[in-house]
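For the sequence shown, the residue numbers in this note's numbering are 3 to 103. Here the structure comes first, spelled out in structure tokens, and everything after it is commentary.
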Amino acid sequence: MDIQSVFLNRSVSPQTAENRTDITPAQAQTSFSNMLKNAIDEVNEAQIQADELTEKLALGENVELHEVMIAAEKASITLNASMEIRNKVIEAYQEIMQMQV
3 MDIQSVFLNR SVSPQTAENR TDITPAQAQT SFSNMLKNAI DEVNEAQIQA
53 DELTEKLALG ENVELHEVMI AAEKASITLN ASMEIRNKVI EAYQEIMQMQ
103 V
């Protein structure tokens, strides 16, 4: 079974003057929205896969119980991680909104 990371599948490297690319705010917004959409799609795909395997197991098809449990846990972990990220984003937004100007 191939184990892949849920969200952190891209390497992070520090920005230096040599490798820095200037992007416009519109490009950054598009990039962020695409990243967010991809993360939500990954969560959705994990949920769908877990549901499909659970249904196959319930119908008596040739599916191993451990595969169903792994898919269900993966879906649960991805959902919990995305909820925690959402909570942190909302918390950061609220903190910014309470700042004195």
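Just so you know, even glycine gets a beta-carbon here, dropped at the ideal spot from N, CA and C. Since the model is a prediction, treat every value here as computed from it, not as a measurement.
Residue i and residue j: beta carbons closer than 8 angstroms?
i: K65; j: L55; result: Checking the displayed sequence, the identity of residue 65 turns out to be Val instead of Lys. Closer than 8 angstroms, so yes.
i: L61; j: L67; result: no
i: A52; j: S84; result: no
i: K76; j: A48; result: yes
Note down the Cα distance separating residue i from residue j, rounded to an integer number of angstroms.
i: Q100; j: I50; result: 39 angstroms
i: E86; j: I79; result: 10 angstroms
i: R88; j: F34; result: 14 angstroms
i: Q102; j: E69; result: 52 angstroms
i: K111; j: Q29; result: Residue 111 lies beyond the stretch modelled for the chain, which goes from 3 to 103, so this question has no answer here.
Let me confirm a value: residue i is counted as buried when at least 16 other C-beta atoms fall within 10 Å, else exposed. Which label applies?
i: A94; result: exposed
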